[in-house]
Each structure stands twice: as C-alpha cells, then as structure tokens.
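Its first residue numbered 62, the sequence shown is counted upward by one per residue in the numbering used here.
By construction, the Cβ of each residue, glycine as well, lies at the ideal position given by its N, Cα and C atoms.
Everything on this sheet refers to the single structure shown next.
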Amino acid sequence: MIVLDVNKQFTCFLIDDDVDDQEIFLSVLQHVAPSVHCVTALNGQEAISKLSSGEVKPDLIFLDLNMPLMNGKQFLKACTQIEKCRTIPVIILTTTSDGASIEETKKLGARDYITKPHKFSEWRSVIKDKISAYKQV
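See below:
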C-alpha cells in the first residue's frame, strides 16, 4: 500500500491506444473517484517521454499490453531504466488473458493484471477496487 501526503492530489496514468477504452476508463473514474486526476498516453513511447520529462508524476499506472510503437511489455522494461518510475505501481489492463503474458508482466514488475471488462458495471468495480487499494490517505 502507498501512503500519500493528504495535500497531494492522487494521479493515475492510463496508457492505452484504444481511445474508446480511454473514454470508458475516464468516465468510470469520474463516477467512482472524482478527486483522482488521470493523464493518458496512446502508447508506451509517449508514456516514457511524459514520465522522463517529469510532465507526469503518477501514483498509479494502468497499462495496456497491445499498443503500437512501444507495447506494454516494452514499456515495463523501459520504465525500470527511469529511477523515479521504479516505485510506481503498474496494473496491466488489457484484453490479453493468457497465463504466459500474466507471468511475464509480473516478472517485469507489474503489480497486478486485469483483463478488460465487457460491462460498464464490471469496469466500475475494477477501477474502484484498484484505486481504493492504492489510494490511502
């Protein structure tokens, strides 16, 4: 669990190339945790750029695996090269559900692995649970 300064806004970083999934995520987040700020990136390369420059300082990262330019596994490897990123929890949020991917991403440092839900109510439950688990104030 992460304990945060009560004066600091909790920020999550959603890295996903599917704009529809981004919109669903942001809509659900607004309903279940309106005080949480969320920044997005369309691929791992864009995300690494934002993290390296300090443009984004997230408390939690939600990461898709299947993206152009730099996929989720490549992002996880690159993220370990940025010292300030090593302690940020990464939750895989993807359509891929095979055991090999789950195992590989956990070895690469992901804290959790979630298969993208199909129903809005399932999205709400997943996002609420994960934000609650990592946002301790």
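Check, Outcome
"Neighbour-count burial assignment, K138, 16 or more Cβ in a 10 Å radius", "exposed"
"Environment of Q83 [buried if 16+ CB atoms lie within 10 Å]", "buried"
"Three-state class that DSSP yields for V67 in the structure shown", "Because the pLDDT of V67 is 47, which lies under 50, any placement of that residue in the model is unreliable, and the number read from its coordinates should be weighed accordingly. In the structure shown, V67 sits in coil (DSSP, three-state: anything other than H, G, I, E or B)."
"Cutoff 6 Å; reference H98; Cβ partners in own chain excluding five residues on either side", "Q70, T72"
"Every unbroken alpha helix (DSSP H) inside the segment 123-167 [4 residues or more]", "133-140"
"Beta strand (DSSP E) segment containing H98, residue limits", "98-102"
"Contact between the segment 156-163 and the segment 109-117 (3+ Cβ pairs under 8 Å)", "no"
"Cβ contact (3+ pairs, closer than 8 Å) linking the segment 126-146 and the segment 166-174", "yes"
"For D173, three-class secondary structure by DSSP", "strand"
"Proximal residues to V100 (C-beta, below 6 Å), its chain only, five neighbours per side dropped", "F74, V117"
"Neighbour-count burial assignment, T148, 16 or more Cβ in a 10 Å radius", "exposed"
"Buried or exposed (CB count within 10 angstroms, at least 16 for buried), D190", "exposed"
"Exposed unless 16 or more other CB atoms sit within 10 angstroms - verdict on L90", "buried"
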